[in-house]
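One point on numbering: in full-length UniProt numbering, the residue at position 62 of the sequence shown is 62, and numbering is uninterrupted. Think of the CB as a built atom: it goes at the ideal place given N, C-alpha and C, for glycine as much as any other residue. In this text, all values refer to a predicted model and were calculated from it rather than measured experimentally. Below is one structure; the comments refer to it alone.
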Amino acid sequence: MIEILHPGTLPRARATGALVADILQSMRTRAVPGTNLLDIDRWTRTMIDEAGAESCYVDYAPSFGRGPFGHHICTSVNDAVLHGLPHDRVLADGDLLSLDLAVSLDGVVADSAISFVVGDARPPESVALVEATERALAAAIAVAGPGTRIGDLSHAIGTVLEGAGYAVNTQFGGHGVGSTMHQDPHVPNNGRPGRGYTLRPGLLLALEPWVMADTAELVSDADGWTLRSATGCRTAHSEHTIAVTEEGVEVLTAPST
């Protein structure tokens, strides 16, 4: 299903996006060496509850998972890149942490992800991975707007990631959002320009470039959720929810500062 929202819904979408951005930035500040992933999940739950919102993950039970997910935020460390199930693990200086959060507030969903290195260490490979996904996300946003096709966004993402020397997995990618978390259209992280669904005002899209340092192959943990690089290499993931408007696009999950 592709959901086109009424223009009057945009203020609610902005509020949801701002909440997601605020929570992610708060977790980024709190995620220091010695922080437990379960603490991040607990802090996230508190902020969601205080806002009168709901996490989209707690009852999330798609066919590929061993669900329901049962937690409020995805916490993926180092070689984990997607759907990282929070567990009893303490972060160390130099860990590469990806946080992915989808929240519903007043009937509208926003979805975003950030990746960053924990502590003071700055491993060059990790920094390069994060920067590549951020550049790819910015490239997709730059070409998005009414009349743009999904393939244009995919091509923009893939061009940046491949240009940085990374192989691209298209099994998981961006997607539509609205009253629910995962909707059509699917937005692969590589593709041909001029192809696919044409963007129109009222469409909300979660664009999410992610990459692994030396492979495009994923493996799944025994928990049935956490997806890792097949080689054990490090990974990164960046995501924003955008709203397509008459004038262009608006990034709903951009940090306020």
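Tell me the DSSP secondary structure of residue i in three-state form.
| i | result |
| --- | --- |
| E208 | coil |
| H155 | helix |
| Q25 | helix |
| L252 | coil |
| T231 | coil |
| R192 | coil |
| G165 | coil |
| R149 | strand |
| T198 | strand |
| A61 | coil |
| L10 | helix |
| V32 | coil |
Flag residue i as yes when its Cβ comes closer than 8 Å to any non-hydrogen atom of the ligand ATP, and as no otherwise.
| i | result |
| --- | --- |
| T35 | Annotation note on the ligand ATP: not contained in the displayed structure, which lists no ligands. |
So, under 8 Å CB-CB, residue i and residue j are touching, yes? Tell me the CB distance rounded to an integer number of Å.
| i | j | result |
| --- | --- | --- |
| C56 | V109 | 6 Å |
| H237 | A254 | Rounded, the Cβ-Cβ distance is 17 Å, inconsistent with contact. |
| E246 | P201 | 5 Å |
| L85 | T226 | 5 Å |
Give the single residue among the options whose Cα lies nearest to the Cα of residue i.
| i | options | result |
| --- | --- | --- |
| L137 | L24, D223, T16, N189 | N189 |
| L99 | E217, D106, V118, L105 | V118 |
| V130 | D106, L37, V211 | V211 |
| R234 | T29, V143, L96 | L96 |
| D39 | G65, V177, V90, T215 | V90 |
| A206 | E125, T215, V103 | V103 |
| D49 | T29, G65, E162, H72 | H72 |
| A230 | Q25, A80, L161 | A80 |
| G173 | T180, A92, H186 | H186 |
Could you tell me the alpha carbon to alpha carbon distance between residue i and residue j, rounded to whole angstroms?
| i | j | result |
| --- | --- | --- |
| D152 | A113 | 21 Å |
| L101 | G194 | 30 Å |
| H83 | S76 | 7 Å |
| L19 | M47 | 9 Å |
| R149 | T198 | 4 Å |
| M27 | G248 | 30 Å |
| G165 | Q183 | 30 Å |
| S115 | A61 | 24 Å |
| R192 | A167 | 16 Å |
| H155 | A243 | 19 Å |
| D221 | N78 | 14 Å |
| F64 | Q171 | 12 Å |
At what residues does the alpha helix (DSSP H) containing residue i begin and finish?
| i | result |
| --- | --- |
| A140 | 124-143 |
| L37 | 37-50 |
Taking the continuous beta strand (DSSP E) assigned at residue i, which residues delimit it?
| i | result |
| --- | --- |
| I242 | 240-244 |
| T100 | At residue 100 the sequence reads Asp, which differs from the Thr that was named. Here the beta strand (DSSP E) through D100 covers 96-105. |
| C74 | 74-77 |
| S115 | 108-117 |
| Q183 | 183-187 |
Are any of the Cβ atoms in chain D nearer than 9 Å to that of residue i?
| i | result |
| --- | --- |
| H87 | No chain D is present in this structure, which holds just one protein chain. |
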